[in-house]
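**Q**
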Amino acid sequence: MKFGVTLVVYLIAFLSSWAEADYFTVRRPNPAHTDFGYVLYPIVAKAPGLNWSYGAGLMINNMFNTDTRLMFFGVTGSIKGLGLNFVNIDLWPEYLHLDMSLYDATTPRKM
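The opening residue of the sequence shown carries number 458 in the working numbering; numbering runs sequentially from there.
1) Return the CA-CA distance between residue 507 and residue 514, expressed in angstroms with no decimal places.
2) Ends of the beta strand (DSSP E) at residue 558?
3) For a test of the three-state rule: what should DSSP assign to residue 461, helix, strand or coil?
4) Does the ligand MN have even one heavy atom less than 7 Å from the beta-carbon of residue 564?
5) Specify, as a first and last residue, the run of the beta strand (DSSP E) that residue 547 falls within.
6) Quick one: using the 10 Å Cβ neighbour count with 16 as the cut-off for buried, is residue 524 buried or exposed?
7) From what residue to what residue does the beta strand (DSSP E) around residue 518 run?
8) The beta strand (DSSP E) that contains residue 526, what's its start and end?
9) Are the CB atoms of residue 504 and residue 536 within a distance shorter than 8 Å?
10) Can you list, in chain order, the residues of its chain with a C-beta nearer than 8 Å to that of residue 491? Leave out the 5 residues immediately preceding and following it.
What follows is the structure in structure tokens.
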């Protein structure tokens, strides 16, 4: 076990020092568009053995003139659920992004 951990640490150190080489510094242009947009859409579902569920979803693209997106949905009926998702929050632009998601759903006890 100790050998495996040591090997992984040395491998990460080797690869990170190798990534600093000059031939890795040339990057392609940023493919992300920053044009603002949004979509509001209906959700309708019928699962076998359950009644209908319905709700709505909202997606907001490219908030704050960045590639950050917000997605939200809510469903009620036989299946109840809420979801919230933030995607591409820049922590270190072009290198490190943060994605956050929160979901909650319930179904009837008898299926």
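All residues carry an ideal CB built from backbone N, CA and C; glycine is no exception.
**A** So, from the listed chains and residues:
1) The count along the sequence shown starts at 1 and reaches residue 507 at position 50. The count along the sequence shown starts at 1 and reaches residue 514 at position 57. If you draw a straight line from the Cα of residue 507 to the Cα of residue 514, it comes to about 21 Å.
2) By one-based count along the sequence shown, residue 558 stands at place 101. First-last of the beta strand (DSSP E) with residue 558: 553 to 563.
3) Residue numbering aside, residue 461 sits at position 4 when the sequence shown is read from its first letter. Assigned with DSSP and collapsed to three states, residue 461 falls in helix.
4) The ligand MN is absent from the structure shown, which contains no ligands of any kind.
5) Residue 547 sits at position 90 when you count from the first residue of the sequence shown. Here the beta strand (DSSP E) through residue 547 covers 537 to 549.
6) Start at 1 with the first residue of the sequence shown, and residue 524 comes out as number 67. Around the beta carbon of residue 524, 16 or more other beta carbons sit within 10 angstroms, so the residue counts as buried.
7) The residue given as residue 518 occupies position 61 in the sequence shown. Note, residue 518: beta strand (DSSP E), 509 to 520.
8) In the sequence shown, the residue the question calls residue 526 occupies position 69. In this chain, the beta strand (DSSP E) harbouring residue 526 covers 525 to 534.
9) Within the sequence shown, the letter at position 79 stands for residue 536. Within the sequence shown, the letter at position 47 stands for residue 504. Contact: yes.
10) Counted from its first residue, the sequence shown places residue 491 at position 34. Same-chain partners within the cutoff: 519, 522, 523, 524.
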